[in-house]
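**Q**
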Amino acid sequence: MSLFRRFIPLHKKLHSSSHSYSARSSMNNYFLRKRRKWPLSLYKTKWQEEKLTHQLSMQKLVESTPNRSPKTHLLSILVDSFSAYECDPTPNAYYFIIKTLTQNPSTWDEIPLILDYIRKVENFETPEYIFTYLIKFYGDSNMTHLAYEMFFTMPAYRCNPSVKSLNCLIWVLCKNNYDLRIVLQVLVKSQLLNIWVEESTFKILIRALCRIGKTNNAVDLLKLMVDSGFNLDANICSLILSTMPDVKDCVRVEIWGVLEEMRKLGYSPKRVDLCNVIRFYVKNGKGIDALEVLNKMKMCGMVPDVVCYNLVLNGLIFEGEYSNADELFDELLVLGLNPDIVTYNVYINGLCKQDKMVEALRMLGSMEHLGCKPEMNTYHTILDGLCRCGMLSSVKEVLGQMKSKGLQLSSHIYGVIINCMIRNGEVDEAYNLLHEMVDMGFVPQSITFDGLIGLLCKKGSFDEVMELLSIMSTKNLVPGIRSWEAFVQVLSSEKEERNVEVKVASATKGTK
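According to UniProt numbering, the sequence shown is numbered sequentially starting from 1.
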């Protein structure tokens with residue numbers, strides 16, 4: 001019975017508590033129905049109040065910055081802006097004034113003051129993005145030593161550097177062509193800061209090595225990257241192969257061996273990679289090796305484009321492998337590839353080197369028939385070959401075609417044609433073409449004047465000679481030895497003629 005009595009109050013207590021709970025629940029439901037939101041807690045209200053004061057302080061800072069006097073430091077404006085709302089400056093506020101200071105070289109000296117204030121006065125953990133911005137800024141402003149110091153003093157500002165800031169510093173050092181030994185020191189010291197390189201770090205280093213021509217070191221670093229457990233990057237492999245043709249000491253490099261090493265690491269080369277291998281061989285005067293790479297491309301099922309054929313064709317012609325060049329040009333046509341202007345220029349250059357000028361002129365005509373418009377280099381190559389072979393009539397025909405199309409000769413081609421006319425004794429045409437060259441604003445070489453002056457002296461056209469000498473004087477050119485020899489020869493011949501006339505005259509007087 002007593003237990004029952006004890007149970008009754010307890011039951012009532014439980015009932016009353018459940019009743020009060022349901023009352024509060026219904027009140028909350030009523031509040032939700034009317035307000036459509038939960039009632040604000042004190043913590044949330046305080047957080048919103050702090051956020052609002054920070055926003056107002058930041059707004060005051062932004063508005064006060066452009067209107068400050070030259071003697072007023074941004075740091076004092078920052079402190080005053082946040083003191084007005086009784087709150088502490090935020091890291092974003094410091095980031096704002098640092099970016100503002102970096103925009104004007106006259107305010108760069110205020111940056112150390114800001115950093116010193118953050119280190120000594122503030123207590124927050126400085127975000128890493130502030131230091132990565134400063135490292136990049138110092139690197140772009142040729143103050144790389146400050147970027148170096150900035151990275152290793154980051155812990156003093158309560159900021160633990162990560163691989164992001166490390167990559168930024170390495171990028172700055174490599175961009176400014178710093179000694180690779182300094183970069184290596186940075187990597188070693190970064191381990192003391194518990195920073196370990198990532199795949200992005202390897203990529204920055206490999207790109208830097210490629211840019212300075214250290215492709216062998218780039219390949220070694222690529223192997224280390226894969227051995228460290230990182231994935232093989234196809235873009236990095238293509239970058240290494242694309243930069244190898246531009247290496248100064250590329251003769252010592254065996255690019256095919258590099259490609260085989262990449263294949264062992266799991267890389268499958270693309271057509272553009274093999275095209276870079278071909279470019280490497282062509283640049284080093286190995287046209288036959290370039291032809292072998294082209295054949296390997298076809299054996300692997302790749303279809304070479306016209307760029308690959310142009311490179312190999314140029315390499316073969318440079319080596320004097322004209323028969324292989326002819327076969328390759330025919331193969332290009334059989335495969336249905338359309339030769340472009342580069343193809344025609346390279347092949348016509350090969351024909352001109354062999355003095356096959358009739359075939360070169362025929363190829364020039366077929367170009368226009370097939371819709372490939374010849375350019376200045378095409379005409380210059382043909383004119384140079386025609387002049388070398390002494391085919392002056394064909395030179396005049398090509399010149400007529402060029403003038404009808406509104407094409408302008410270069411200074412070099414003017415000189416080649418004029419010298420060709422001089423060698424063939426076409427004095428009047430050479431004289432007129434030289435005047436045309438001068439009227440176009442070109443300055444003929446002294447050797448061109450000398451050759452023409454010599455012919456004019458032999459012809460007895462002394463008025464034209466004096467005119468050419470006047471042109472040379474206005475162009476600050478001095479007659480060469482050939483011109484002086486022609487003058488002396490003419491004067492001596494005139495003197496002999498006068499002596500003969502005097503002797504004849506005296507002889508006739510004696511007979512009388």
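Heads up, the beta-carbon is just placed ideally off N, CA and C, and yes, glycines get one too.
1. Quick check on this structure: which residue in Leu-193, Gln-191, Leu-146 and Pro-161 has the alpha carbon closest to the alpha carbon of Val-172?
2. Quick check on Thr-72: does DSSP put it in helix, strand or coil?
3. Can you tell which of Asp-88, Leu-78 and Asn-67 has its C-alpha closest to the C-alpha of Thr-53?
4. I believe Val-346 touches Asn-295 by the beta-carbon criterion, under 8 Å. Please report the beta-carbon distance rounded to the nearest angstrom.
5. Quick one: using the 10 Å Cβ neighbour count with 16 as the cut-off for buried, is Asp-450 buried or exposed?
6. With a cut-off of 8 Å, do at least 3 Cβ pairs link the region 111-119 to the region 66-83?
7. Would you give the residue range spanned by the alpha helix (DSSP H) that Leu-239 belongs to?
8. On the DSSP letters alone, give me the boundaries of the alpha helix (DSSP H) that Arg-279 sits inside.
9. Answer with buried or exposed for Asn-231, where buried requires no fewer than 16 other C-beta atoms within 10 angstroms of its C-beta.
10. Label Thr-474 either buried or exposed according to how many other C-beta atoms from any shown protein chain fall within 10 Å of its C-beta, with 16 as the threshold for buried.
11. Should Leu-383 and Ile-348 be called a contact, given that it needs their Cβ atoms to be closer than 7 Å?
12. Could you tell me the boundaries of the alpha helix (DSSP H) in which Ile-471 lies?
13. Touching or not, the region 300-313 and the region 257-264, by the rule of three or more beta carbon pairs under 8 Å?
14. Can you tell me which of the three DSSP states Gly-406 falls into?
15. Assuming the contact rule is C-beta atoms closer than 8 Å, Met-244 and Phe-280 should be a hit. Round their C-beta distance to whole Å, please.
16. DSSP three-state label for Asp-109, please.
17. For Thr-65 versus Thr-100, is the C-beta distance shorter than 7 Å?
18. Between which residues of its own chain and Leu-221 is the CB-CB distance below 7 Å, once the five residues before and five after are set aside?
19. According to the neighbour-count rule (16 or more other Cβ atoms, all chains shown, within 10 Å of its Cβ), is Thr-215 buried or exposed?
20. Where in the region 139-226 do unbroken runs of the alpha helix (DSSP H), each at least 4 residues long, occur, reported from the N-terminal end onward?
21. Please state the DSSP three-state secondary structure of Met-302.
22. Would you mind sorting Lys-283 into buried or exposed? The rule is 16 or more other CB atoms within 10 Å of its CB.
23. By the three-class DSSP mapping on this structure, what secondary structure does Trp-38 have?
24. Give the straight-line distance between the Cα atoms of Ile-317 and Glu-426, rounded to the nearest whole angstrom.
25. Specify the secondary structure class of Asn-231 as computed by DSSP and reduced to three states.
26. When the Cα of Ile-135 is compared with those of Phe-151, Gln-354 and Glu-375, which residue comes out closest?
27. In chain order, what residues of the same chain have a beta carbon less than 8 Å from the beta carbon of Glu-86, not counting five sequence neighbours either side?
28. According to DSSP, is Val-504 helix, strand or coil?
29. Taking C-alpha atoms, which residue in Glu-199, Gln-191, Leu-192 and Val-247 lies nearest to Asn-217?
30. Looking at Phe-131: is its Cβ nearer than 7 Å to the Cβ of Ser-165?
31. In its own chain, which residues sit with a C-beta less than 8 Å from the C-beta of Asp-463, not counting the 5 before and 5 after it?
32. The alpha helix (DSSP H) with Gly-365 in it runs from where to where?
33. Taking Met-376 and Leu-407 to be in contact with their CB atoms under 8 Å, please state how far apart those CB atoms are, rounded to whole angstroms.
34. Use the C-beta contact count for Leu-370: other C-beta atoms within 10 angstroms, 16 or more gives buried, fewer gives exposed.
35. Please report the residue range of the alpha helix (DSSP H) in which Met-437 lies.
**A** Once the coordinates are examined:
1. The candidate whose alpha carbon is nearest that of Val-172 is Leu-146.
2. Judged by DSSP in its simplified three-state form, Thr-72 adopts coil rather than helix or strand.
3. Nearest C-alpha to Thr-53: Asp-88.
4. Contact between Val-346 and Asn-295 does not hold, since their C-beta atoms are separated by about 19 Å, which reaches or exceeds 8 Å.
5. Its Cβ being crowded by 16 or more others within 10 Å, Asp-450 is buried.
6. Counting Cβ pairs under 8 Å, three or more are found: they touch.
7. Leu-239 -> alpha helix (DSSP H) spans 234-243.
8. Under the DSSP assignment, Arg-279 falls in the alpha helix (DSSP H) whose first and last residues are 271-283.
9. Around the beta carbon of Asn-231, a 10 Å sphere encloses fewer than 16 other beta carbons of the protein chains shown; the residue is thus reported as exposed.
10. Thr-474 comes out exposed.
11. No. Outside cutoff.
12. Element bounds for Ile-471: 462-474.
13. Contact fails: fewer than three Cβ-Cβ distances are below 8 Å.
14. Correct three-state label for Gly-406: coil.
15. Phe-280 and Met-244 do touch by the CB rule: their CB atoms are close to 5 Å apart, below 8 Å.
16. In the three-state scheme derived from DSSP, where H, G and I count as helix and E and B as strand, Asp-109 is classed as helix.
17. Inclusion of Thr-65 and Thr-100 in the CB contact set at 7 Å is warranted, their separation being smaller than that value.
18. So the list reads Phe-202, Leu-205, Ile-206 and Leu-209, once near-sequence residues are dropped.
19. Thr-215 sits buried, since 16 or more C-beta atoms from the chains shown fall within 10 Å of its C-beta.
20. Listed in chain order, the alpha helix (DSSP H) runs fully inside the region 139-226 are 144-152, 163-175, 180-192 and 199-211, counting runs of at least 4 residues.
21. Secondary structure at Met-302: coil, using DSSP grouped into helix, strand and coil.
22. Buried, by the Cβ-count rule.
23. Residue placement at Trp-38 is poorly supported in this model, since its pLDDT is 49, which falls under 50; the coordinates still yield a value, given next. Looking at Trp-38 - three-state DSSP - the assignment turns out to be coil, as it is neither helix nor strand.
24. So the alpha carbons of these two residues sit roughly 33 Å apart.
25. In the structure shown, Asn-231 adopts coil according to DSSP, grouped into three states.
26. The shortest Cα separation from Ile-135 among Phe-151, Gln-354 and Glu-375 belongs to Phe-151.
27. If we look at Glu-86 and ignore the five residues flanking it on each side, its Cβ neighbours are Thr-53.
28. Summary for Val-504: the model assigns pLDDT 34, below 50, so the residue's position carries little reliability; its value from the coordinates is reported in the next sentence. Of the three classes helix, strand and coil, the one that applies to Val-504 here is helix, per DSSP.
29. Taking each of Glu-199, Gln-191, Leu-192 and Val-247 in turn and checking the Cα distance to Asn-217, the smallest one comes out for Val-247.
30. Closer than 7 Å, so yes.
31. Taken in chain order, the list of residues that qualify is empty.
32. It spans 357-369 - the alpha helix (DSSP H) in which Gly-365 sits, taken as one unbroken run.
33. Indeed they touch by this definition, with Cβ atoms about 6 Å apart.
34. Residue burial annotation: Leu-370 is exposed, with fewer than 16 other C-beta atoms found within 10 angstroms of its C-beta.
35. Its alpha helix (DSSP H) spans residues 427-439.
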